[in-house]
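A quick write-up on the structure given underneath.
In the numbering used here, the protein residues as written are 6 to 269.
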């Protein structure tokens with residue numbers, strides 16, 4: 006038995022050398038050619054919901070994507086998220102604080118509201134309250150809204166600031182500067198009329214004592230939105246809530262409005 010094993014051992018060794026020679030000349034060359042082919046590029050990217058399930062998905066790019074596509078074309082790239090819409094233009098308003106912490110918001114003719122529903126009052130402490138349509142001021146027609154001054158806003162240091170009228174607090178209009186002070190109903194010019202000779206003003210909060218009127222020389226009537234650069238005239242009458250002042254010159258009013266003057 007031992008002699009038979011010794012006689013077959015040289016044949017086993019010879020077979021091993023023969024197989025090694027075949028691998029060296031044929032199979033090794035075939036594997037080297039296969040390994041030289043370009044491999045697909047795989048880029049790990051996170052999908053939109055990857056923050057929830059912590060899964061990382063692989064997107065194939067370039068030729069590899071075309072090879073793995075069922076129609077032989079690369080998949081379309083995912084659409085980029087749309088940029089946030091710009092803030093809307095502010096609505097020009099004037100606000101007055103009425104009794105019981107109610108705020109009356111008067112909309113300027115320059116920026117009339119698109120509709121009368123769904124508005125909010127945004128105050129300087131970033132609190133909001135619903136704005137309800139209150140009616141129209143005539144001659145000319147101007148929309149008015151009313152809202153309540155929030156409780157925490159009432160505790161802020163005076164003066165209170167005028168609110169911003171808007172549709173959504175998520176995209177408020179940009180404020181170029183601090184809001185003007187909130188007008189008080191107790192100190193306010195609430196109506197006026199023009200005669201051929203003068204202007205009659207109805208004012209609250211000046212002559213507050215019954216039977217006592219301040220001197221007309223203490224006051225001036227200012228025409229225009231700018232107190233410093235407006236047209237000023239003298240006050241001729243001061244009696245309780247009724248004041249009278251001279252009408253301004255037409256040329257001064259036209260210059261204030263930026264309109265050219267004509268001479269005849």
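We put the beta carbon where it would ideally sit given N, CA and C, even for glycine.
(message) Check this for me: beta carbons of residue 236 and residue 221, under 8 Å apart or not?
(response) No.
(request) Provide the residue span of the alpha helix (DSSP H) that contains residue 148, from first to last. (result) Residue 148 -> not in any alpha helix (DSSP H); beta strand (DSSP E) instead, spanning 147-153.
(request) Sort 115, 228 and 122 by Cα distance to residue 256 and report the nearest one. (result) 228
(request) Kindly indicate which three-state DSSP category residue 217 falls into: helix, strand or coil? (result) coil
(message) Could you pull the DSSP bridge partners for residue 111 from this structure?
(response) 99 and 149
(request) Could you name the residues of the same chain whose beta carbon sits closer than 7 Å to that of residue 155, not counting the 5 residues immediately before and after it, in chain order? (result) 128, 132 and 134
(message) Does residue 188 pass the burial test, meaning 16 or more other C-beta atoms within 10 Å, or should it be called exposed?
(response) buried
(request) Could you tell me the boundaries of the beta strand (DSSP E) in which residue 136 lies? (result) 133-142
(request) Give the single residue among 208, 146, 169 and 130 whose Cα lies nearest to the Cα of residue 243. (result) 208
(message) Using the Cβ count rule (16 or more neighbours within 10 Å means buried), how would you classify residue 168?
(response) buried
(message) Could you pull the DSSP bridge partners for residue 188 from this structure?
(response) Its beta-bridge partners are 101.
(message) Looking only at its chain, what residues have a beta carbon closer than 8 Å to the beta carbon of residue 149, apart from the 5 residues adjacent to it on each side?
(response) 109, 110, 111, 112, 138, 139, 140, 141 and 142
(request) For the beta strand (DSSP E) holding residue 247, just list the boundary residues, first then last. (result) 247-251
(message) With H, G and I counted as helix, E and B as strand and the rest as coil, what does DSSP make of residue 206?
(response) strand
(request) Mind checking who residue 242 pairs with in its DSSP beta bridge? (result) DSSP, once it has assigned bridges, lists 249 as partnering residue 242.
(request) Can you grab the Cα-Cα spacing for the pair residue 258 / residue 130, in whole Å? (result) 38 Å
(request) Quick one: using the 10 Å Cβ neighbour count with 16 as the cut-off for buried, is residue 96 buried or exposed? (result) buried
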